[in-house]
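Some notes on the structure that comes next.
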Amino acid sequence: MTRVARATGLTARVALWASAAGLVLMTAFITIQVFFRYVLNDSQAWTEPASVMLMGWFIFLGAAVGIREGYHLSFDVLLYVLPQRAKLALYSVSDAVVIAFGVGMIWFGAELAEKTAGNKLPSLGISGAFDFLPLVAGGILIVLFSLERLARRAAGLPTARFGETDPET
């Protein structure tokens, strides 16, 4: 389990760095657009669709890392009054629901990518499928990281929870 945690940790770190790089690159593209439009009076057609595509990547990669680190949304009111074993069971149910959501992202994202693969984005000159690849990649990472959380819990190891300084025991 330690090797798996190391591998998924490295994957999460790479995804987070890629997400951060996408955010910086998107900001640069928007800056270029503003400069060209308002200073040079010559708007660039590629900056907006490239920025939106990058936004998809950093949102879905960052969301997947957030799931691994325990920062996904949850409704914890009931957990305050339950014993630890019941909490762990509900955490596992939550992770299973997140896995189902990730599978849906993969399935429907791939379907959308397939349906738009023949379309060409005129301003970028690439296939329309590229708009939906972040959805598929994010879904894959969400499933991977949620499976890791389930496996860690089954092995009796802690997993991170939102707002906790120490992982659950």
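Residue numbers (this note's numbering): 16 to 184.
Every residue gets a Cβ at the ideal spot worked out from N, C-alpha and C, and that includes glycine.
Check, Outcome
"Contact defined as beta carbons within less than 8 Å: I believe F73 pairs with L38. What is the distance between those atoms, to the nearest angstrom?", "5 Å"
"I need the DSSP call for L103, collapsed to helix, strand or coil.", "helix"
"With a cut-off of 8 Å on the beta carbons, I'd call A132 and G124 a contact; round off their distance for me.", "No, A132 and G124 are not in contact; Cβ-Cβ is about 12 Å, not under 8 Å."
"Which term fits M16, buried or exposed, when burial requires 16 or more other beta carbons within 10 angstroms of its beta carbon?", "exposed"
"Report yes if the CB atom of S138 is closer than 7 Å to the CB atom of A60, and no otherwise.", "yes"
"Flag this pair as touching only if the stretch 105–114 and the stretch 153–165 have three or more C-beta atom pairs under 8 Å; answer yes or no.", "yes"
"By the 10 Å Cβ neighbour count, where 16 or more other Cβ atoms means buried, how is A152 classified, buried or exposed?", "buried"
"Does DSSP put S142 in a helix, in a strand, or in coil?", "strand"
"In or out: P149 buried (at least 16 other Cβ within 10 Å) or exposed?", "buried"
"If contacts are defined as beta-carbon pairs under 8 Å, then F51 and S58 qualify, I think. What distance do you get, rounded to the angstrom?", "6 Å"
"Using a 10 Å radius around the Cβ and a threshold of 16 neighbouring Cβ atoms, would you call D91 buried or exposed?", "exposed"
"Let me check understanding here. Comparing Cα to Cα, which of P98, H87, E129 and A128 lies closest to S109?", "H87"
"Within 10 Å of its beta-carbon, does T180 have 16 or more other beta-carbons around it, so buried, or fewer, so exposed?", "Confidence in T180 is poor, its pLDDT being 47 and thus under 50, which makes the residue's placement unreliable; the coordinate value appears in the next sentence. Looking at its Cβ environment, which holds fewer than 16 other Cβ atoms inside 10 Å, T180 is exposed."
"Helix, strand or coil for L31? Go by DSSP, reduced to three states.", "helix"
"Using three-state DSSP, classify L97 as helix, strand or coil.", "coil"
"Of all the alpha helix (DSSP H) runs that stay within the bounds of the stretch 44–123, which reach a length of 4 or more residues?", "62–83"
"Taking Cβ to Cβ, would you say L127 is nearer than 7 Å to P64?", "no"
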